[in-house]
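**Q** Below is a structure I'd like to ask you about.
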DNA sequence: CCGCTTTTGTGCACGCTTTCACAAAGGCAT
DNA sequence: ATGCCTTTGTGAAAGCGTGCACAAAAGCGG
């Protein structure tokens, strides 16, 4: 029953903690905004506020990159922008392919933030033959058959999966086989990949469910009135006579379309 | 310089760790799939594999919900689906509004996974008057002017922001003022909200940047050849003579459109 | 009715993250 | 120059999350 393919063991590459890496883009965005307003320097306090984090955390994060600040003054905005960009690998160009040009895939293709950060949409790929050649966001959609060729010719190492869940693993396998080593997955599935391949997941449904949890919690504690009667246990665990949903509204398997997608 | 509005202090509501809550939707999805195949029971090992986590972790997670398993046998699928659904608050209906019907907003509106999980798109809202009345995913878009009325009349407590970054905070404020207490933010901005309001963020750009970091790391260590010369320091920190990007390709401020959006 | 097998539930230890608190360091005014 | 004020950089401590390893249960066969 072993997965056969392992999951990244939270490597913490080269001393920079994963948690810090995840915040660097946040800092970078705040710094870029300051840079555009020609602000020369920022204190950790100001920048932390702009990024929505604690100032101590920010200073510690930056300390992993080196001592780029000046005591009594703060951080040089331009310099820090450069350093973080370099650390994140944004000083080079990353060709990216998007697989699955449905509603979401198209939206992703149109995303303006791609180019401005060193990412370049090298190709759009879809399995539907009727899509082939059709331009989306100015880029003609190519057929899945050419996936391997596209990856290799463009030296793509980052792939975005926006296909239905059913196709995701298969697409993933092909991407990996062709040389992709980083995947951003919008399909509501757990992808299994060989060691050395990074997968990050974006899932609207999961985010909403987490919000619902907290929402329910809020509603059930503060007011102490209005419904939310958690009583009435559904059925016995060993017996199999439990109705899944209160009503029968169960429109389809769900988990068959990526985070955002109609068909 | 104080933000004035606080961020959620990782409350860990009522004993269930935040990390566990974040995994419950994952388990639920795997369980739903099993349920559809009429599988009566699962062991923690099997379910963990399906959800892509460690079995010990899964068991510990479930232990926070109660003892719903049977030793020597495993977990009753239907029963567990019900329990997790209830815990996440999915046994009730959550009306949701989507603000900002651009490329991404439209994709979200078309998302099929909404209804199947207890979420219902109550309304689509956009600031563009020319959008008003136009049906998207079968729902007519309404104007921002009516935001408050819509929220109140439908008892909406969860809002999705898919506007450009510039409008996000303003929309957020109005949502909160109207009674929304949970927000899913797709705009690349840090939202500040009063205490008691939950915000979750989805940001394509950040995910890609994190991938790029690891990608660069991989490329710079394993092969030990091919470029990746980290030498050539850019400039002095105190002096302000650093060019931000290697080339001048800086198309726009970025951070002005939500995660996915053309205009 | 007993013992064997399976699988859960969890005590415990380890490592990562966050936060505090403060000494070191830089700049500026006098 | 000297001293004061500001802000960084970082030990150290506390808090979480993860995973191991195993005892406690439940079922089953003899």
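Chains as they are written, first to last, in full-length UniProt numbering: chain A, 1 to 263; chain B, 1 to 263. Backbone N, C-alpha and C define an ideal beta-carbon position, used for all residues, glycine too.
(1) Here's a check: name, in chain order, each residue in its chain whose Cβ is nearer than 6 Å to the Cβ of residue 88 of chain A, leaving out the five neighbours to either side.
(2) Of all the CB atoms in chain B, is at least one closer than 8 Å to the CB of residue 154 of chain A?
(3) How about residue 97 of chain A and residue 196 of chain A: do their beta carbons lie closer than 8 Å?
(4) Do you know offhand how far residue 76 of chain B's Cα is from residue 20 of chain B's?
(5) Within 8 Å, do at least three Cβ pairs link the segment 108-121 of chain A to the segment 208-222 of chain B?
(6) Given that residue 181 of chain A touches chain B, what residues does it touch there, using C-beta distances under 7 Å?
(7) Quick one: what does DSSP say residue 140 of chain A is sitting in, helix, strand or coil?
(8) At a Cβ threshold of 8 Å, is residue 100 of chain A touching chain B?
(9) Which same chain residues end up closer than 8 Å to residue 29 of chain B when comparing Cβ atoms and leaving out the 5 residues on each side of it in sequence?
(10) Kindly indicate the opening and closing residues of the alpha helix (DSSP H) around residue 103 of chain B.
(11) Please say whether residue 173 of chain A and residue 144 of chain A have beta carbons closer to each other than 8 Å?
(12) For chain A, is any of its Cβ atoms less than 8 Å away from the one on residue 188 of chain B?
(13) Runs of 4 residues minimum, wholly inside the UniProt domain "CoA-binding" (89-190) of chain B: which ones carry the alpha helix (DSSP H) assignment?
(14) Along chain B, in chain order, which residues have C-beta atoms closer than 9 Å to that of residue 72 of chain A?
(15) Rounding to the nearest angstrom, what Cα-Cα distance links residue 103 of chain B and residue 200 of chain A in this structure?
(16) Assuming residue 61 of chain B is part of the alpha helix (DSSP H), what are its boundary residues?
(17) Quick check on residue 198 of chain A: buried or exposed, where buried means 16 or more other Cβ atoms within 10 Å of its Cβ?
(18) Pick helix, strand or coil for residue 220 of chain A, following the three-state DSSP scheme.
(19) Within 8 Å of any Cβ in chain A, is that where the Cβ of residue 29 of chain B sits?
(20) So with Cβ pairs under 8 Å, would you call residue 202 of chain A a contact of chain B?
(21) In this structure, what does DSSP give as the bridge partners for residue 199 of chain A?
(22) Within this structure, are the beta carbons of residue 187 of chain B and residue 161 of chain B separated by less than 8 Å?
(23) Just to check my reading of the structure: residue 152 of chain A and residue 113 of chain A have Cβ atoms closer than 8 Å, yes? What is that Cβ distance to the nearest angstrom?
(24) Which class does residue 68 of chain A belong to by DSSP, given the choice of helix, strand or coil?
(25) Count the other C-beta atoms from every protein chain shown that fall within 10 angstroms of the C-beta of residue 85 of chain B, then say buried if there are 16 or more, exposed otherwise.
(26) Quick check: is the beta carbon of residue 55 of chain A nearer than 8 Å to any beta carbon in chain B?
(27) Of all the CB atoms in chain B, is at least one closer than 8 Å to the CB of residue 133 of chain A?
(28) Please determine, among B/157, B/69, B/45 and B/204, the residue with the shortest C-alpha to C-alpha distance to residue 215 of chain A.
(29) Between which residues of its own chain and residue 68 of chain B is the CB-CB distance below 8 Å, once the five residues before and five after are set aside?
(30) Run the CB neighbour count on residue 146 of chain A, radius 10 Å, all protein chains shown included, and call it buried at 16 or more, exposed below.
(31) When the Cα of residue 138 of chain A is compared with those of A/218, A/46, A/18 and A/107, which residue comes out closest?
(32) Could you work out which residues of chain A lie near residue 90 of chain B, taking near to mean beta carbons separated by less than 7 Å?
(33) May I ask you to report which of helix, strand or coil DSSP gives residue 42 of chain A?
(34) From the beta carbon of residue 157 of chain A, is the nearest beta carbon of chain B less than 8 Å away?
(35) From what residue to what residue does the beta strand (DSSP E) around residue 52 of chain A run?
**A** Working from what's here:
(1) 24
(2) no
(3) no
(4) 20 Å
(5) yes
(6) 215 and 218
(7) strand
(8) no
(9) 51
(10) 103-109
(11) no
(12) yes
(13) 103-109, 147-154 and 165-178
(14) By Cβ distance, chain B contributes nothing, its closest Cβ being about 12 Å from residue 72 of chain A, past 9 Å.
(15) 22 Å
(16) 55-65
(17) buried
(18) helix
(19) yes
(20) yes
(21) A/183
(22) yes
(23) No, residue 152 of chain A and residue 113 of chain A are not in contact; Cβ-Cβ is about 26 Å, not under 8 Å.
(24) coil
(25) buried
(26) no
(27) no
(28) B/157
(29) 62, 75, 76, 79, 80 and 83
(30) exposed
(31) A/107
(32) 209 and 212
(33) strand
(34) yes
(35) No beta strand (DSSP E) holds residue 52 of chain A; DSSP gives it neither H nor E.
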